[in-house]
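Single-structure report; data block below.
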Amino acid sequence: MVGLSELEKVRLEKSERLRKAGQEPYPHQARRTHTTQEAIQAYESAEETATIEATVVGRLRSIRKMGKVTFAHVEDGAGKLQLFLRENELGSERMDQFADDFDLGDFIEAQGTMFRTRTGEITLHVVTFRMLAKSLTPLPAAKEEIVDGESVMHSEFSDPEARYRQRYADLAVNPEVRETFRTRAAIIRALREFLDQRGFLEVETPILQPIYGGAAAKPFTTHHNQLHQDLFLRISFELYLKRLLVGGFEGVYEIGRDFRNEGVSFKHNPEFTQLEFYQAYTDYEGVMTLTEEMVAFAAEQVLGTTTVSYRGEEIDLSPPWKRIELAQALKDAVGIDIRNHADAGSLRKAMAATGQEASAQASRGKLIDILLGNTLEPTLIQPTILYDYPREISPLAKSKPDDPNTVERFEGFIGGMELCNAFTELNDPLEQEARFQEMGREFDVDDEELHPMDEDYLRAMRYGMPPSGGFGMGVDRLTMLFADKTSIREVILFPHLRSKDVEAGDGEGANE
RNA sequence: GGCCCCGUAGCUCAAUUUGGCAGAGCAUCGCACUCUUAAUGCGCAGGUUGAAGGUUCAAGUCCUUCCGGGGUCACCA
């Protein structure tokens, strides 16, 4: 082995010493009769009436040596259990071995009988123990103190970079991090349950796409060698899911990964998890109601309440949410009525008059988006639905019957963050083609933003797509909200970080 | 990509303001201790201060460049 630290070398010696003593430091099988919590419950329900024998397994998380007696805690997936080892029963040789060759972080198996210590803690009185997997690298030396029943961490492993790069160590020593990812899994389970109950079909559509679309984002590109074909990692599922409405499914959804080749921030990761659903014979108002019910249902399932605390704010997710027309909300917030500014120049002047800077190239739709993002979005703490968006930033949404420049689209905001985006789907193939061309013109100036025309999607639409409502939501952001995390990296197990180590010698990090 | 902040022992942090021998707690190692729980007491050891250059008698500290992270702005149909 190369590159072992002094601390690791010491542990490697212990491992070899165990092996020489006939004890395999990495045995093939573990035996377990109880999880730590099952052992405690078994004792609690049988206390003083029976002898409870248990074999538990897990990681050694604390060791307190008191001479001829030793206390330790072992942690498994269910929780922690205190171990009690005494030289009287185990003999000095085994006590010494535990003291000398067993370390914090080792996975062990311990068999014994349950009892209660003088201080009242339910504990396993160990009869035999053995190594299940020797830990060579010491875990970060966090210590946990219980004050009035609350856990207080000391020397907590807290450096964000180290935690993200070594998530395994983060998870191993920070129980609340494990809890965050249980919450995440529960959210996804709840979303599935909600949609399944309503007859939606869960589907999987291509991640490798010959043409990308469905969102405004730069894609990652890749290549299929044998087919000599460039491919894109999807930036959205939208165009494929809507093809399925053409095919006759009346409700479809997909939960999966999108990839966007753009900036990284506290709410952006290059790959992120999206939920999209599409439902035939409804429109954006129907989707609004479904959205409110779905988020409230998930909160109830995951947290047992529809009230969440996010960044110190109490947020009530129960329906109905505040619904306000985008134009009205902007007028209320900044005093600019976008309905009175039909072109970009006029709107830019009005924004400048209130101190809002905006680039000269930005279209009217883009300016509205900037206005929304800068002034309104951060103030939308309680769940709020803004509806009726400008057409030019919504090429896949259907116009309002009485106003061709406004589309039936809404976005849901919670905690000052855009959570979801939905609209009545544009299903007129000729208008869709015109919209694509309109977008193409807008982005002619910037090749990277120019989206290719998806002819196959237009063909699908020409076969006929029922009137429908569609919806997309960032699952990572919903998790941030439910778990009260202010960075998306806290809810993604392995968030993207710039590569650091160049010791492999291929200079990978040096060519940026 | 711009701007601001940060990078010191395995972990958490001092020392940077005003350049002057790089320190502590935990973890590790040794000793003591038969109901502890941040166990305790005593002792030892542990460092290329992210990297490379520069200024200086002297650099963790000042300057330049680079690497990495955090924040923020820009970007994000």
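In the numbering used here, the protein residues as written are 64 to 575.
Just so you know, even glycine gets a beta-carbon here, dropped at the ideal spot from N, CA and C.
Since we're looking at a predicted model, the values are computed, not measured.
Would you identify the three-state DSSP class for S299, choosing helix, strand or coil?
Note: S299 maps to coil in three-state DSSP.
Contact belief for T99 with G142 at Cβ below 8 angstroms, rounded distance in angstroms
About 5 angstroms separates the two Cβ atoms, so the contact holds.
Considering only residues of the same chain and omitting the five flanking positions on each side of L647, which have a CB-CB separation below 6 angstroms?
As displayed, the chain neither begins before 64 nor continues past 575, which places residue 647 out of reach and without an answer.
Inspect the CB distances between the stretch 75 to 86 and the stretch 211 to 224 and report whether three or more fall short of 8 angstroms.
Verdict: no, contact absent.
Could you tell me whether the stretch 277 to 292 touches the stretch 321 to 333, where touching means 3 or more Cβ pairs closer than 8 angstroms?
Because the criterion of three Cβ pairs below 8 angstroms is met, the stretch 277 to 292 and the stretch 321 to 333 touch.
Coil, strand or helix - Q292 by DSSP
DSSP places Q292 in strand when its eight states are reduced to three.
Using the three-state DSSP reduction, which class does F506 fall into: helix, strand or coil?
In this prediction, F506 scores a pLDDT of 47, lower than 50, which makes its location untrustworthy; the coordinate-derived value is nonetheless stated afterwards. Reduced to three states, the DSSP call for F506 is coil.
Exposure label - T191; buried when at least 16 CB within 10 Å
Label assigned to T191: exposed.
Under the rule that 16 or more other beta-carbon atoms within 10 Å means buried, what is F329, buried or exposed?
Looking at its Cβ environment, which holds fewer than 16 other Cβ atoms inside 10 Å, F329 is exposed.
Tell me which residues share the same chain as L195 and place their Cβ nearer than 7 angstroms to its Cβ, disregarding the 5 neighbours each side in the sequence.
Shown here for L195: same chain residues with a beta carbon closer than 7 angstroms to its own, the five before and five after excluded, namely P90, A93, V120, F170, I171, E172 in chain order.
Q86 (DSSP reduced to helix, strand or coil)
Here Q86 sits in coil by DSSP.
Report the three-state DSSP secondary structure of P530 (helix, strand or coil).
Correct three-state label for P530: coil.
Hey, is the stretch 144 to 161 in contact with the stretch 174 to 187, meaning 3+ C-beta pairs nearer than 8 angstroms?
By the Cβ criterion, the stretch 144 to 161 is in contact with the stretch 174 to 187, since at least three pairs of Cβ atoms, one from each stretch, lie closer than 8 angstroms.
Cβ pair Y344, L308 closer than 7 angstroms
No, these two residues do not count as a Cβ contact at 7 angstroms.
Which word fits A235, buried or exposed, when buried means at least 16 other C-beta atoms lie within 10 angstroms of its C-beta?
By the 10 Å Cβ count, A235 comes out buried.
Out of A396, P382, S381, which one is the CA nearest neighbour of E388?
It is A396 whose Cα lies nearest to the Cα of E388.
Have a look at S221 and S68 and give me their C-alpha separation to the nearest angstrom.
When the Cα atoms are used, S221 and S68 turn out to be separated by approximately 21 angstroms.
Pair every Cβ in the stretch 529 to 539 with every Cβ in the stretch 443 to 458, then say whether three or more of these pairs are closer than 8 angstroms.
No, the stretch 529 to 539 is not in contact with the stretch 443 to 458.
Are the beta-carbon atoms belonging to T176 and E116 less than 7 angstroms from one another?
Here T176 is near E116, since their CB atoms are less than 7 angstroms apart.
In three-state terms, what does DSSP make of N484?
N484: strand per DSSP, three-state reduction.
Cβ contact check for the stretch 491 to 504 and the stretch 539 to 553: 3 or more pairs under 8 angstroms:
Output reads no: the stretch 539 to 553 does not touch the stretch 491 to 504.
What residue from A113, Y526, A162 has the CA that sits closest to S125's CA?
When each option's Cα is compared against that of S125, the closest is A162.
K305 burial status per 10 Å Cβ neighbour count (16 or more: buried):
For K305, the number of other beta carbons within 10 angstroms of its own is at least 16, and it is reported as buried.
Taking C-beta to C-beta, are G535 and N490 nearer than 7 angstroms?
With contacts defined as CB atoms closer than 7 angstroms, G535 and N490 fail to qualify as a contacting pair.
Roughly how many whole angstroms lie between the Cα atoms of D379 and L443?
Approximately 12 angstroms, taken between the alpha carbons.
Between the alpha carbons of E518 and S562, how many angstroms are there, rounded?
If you take the alpha carbons of E518 and S562, they lie about 38 angstroms apart.
Within a Cβ cutoff of 6 angstroms, which residues of the same chain sit near A278, ignoring the five residues on either side of it in sequence?
Closer than 6 angstroms at Cβ, skipping near neighbours: I298, S299.
Using a threshold of 7 angstroms, state whether the C-beta atoms of P492 and R540 are closer than that.
Their beta carbons are not under 7 angstroms apart, which means P492 does not touch R540 by this criterion.
With DSSP run on the structure shown, which of helix, strand or coil describes G436?
It is helical.
With H, G and I counted as helix, E and B as strand and the rest as coil, what does DSSP make of Y373?
Note: Y373 maps to strand in three-state DSSP.
Excluding sequence positions up to five away, which residues of its chain have a Cβ less than 8 angstroms from the Cβ of V327?
If we look at V327 and ignore the five residues flanking it on each side, its Cβ neighbours are P333, H559.
On the DSSP letters alone, give me the boundaries of the beta strand (DSSP E) that R261 sits inside.
Note, R261: premise wrong, no beta strand (DSSP E); not H, not E.
Quick one: give me the first and last residue of the alpha helix (DSSP H) that N151 is part of.
Its alpha helix (DSSP H) spans residues 150 to 164.
Which same chain residues end up closer than 6 angstroms to E488 when comparing Cβ atoms and leaving out the 5 residues on each side of it in sequence?
Hits under 6 angstroms: S531, G533.
So, D233 versus R226, is the Cβ gap smaller than 7 angstroms?
Yes, the pair counts as a contact, with Cβ atoms nearer than the cut-off.
I'd like to know whether the C-beta atoms of T200 and E71 end up nearer to each other than 7 angstroms.
The criterion of a C-beta distance shorter than 7 angstroms is satisfied by T200 and E71.
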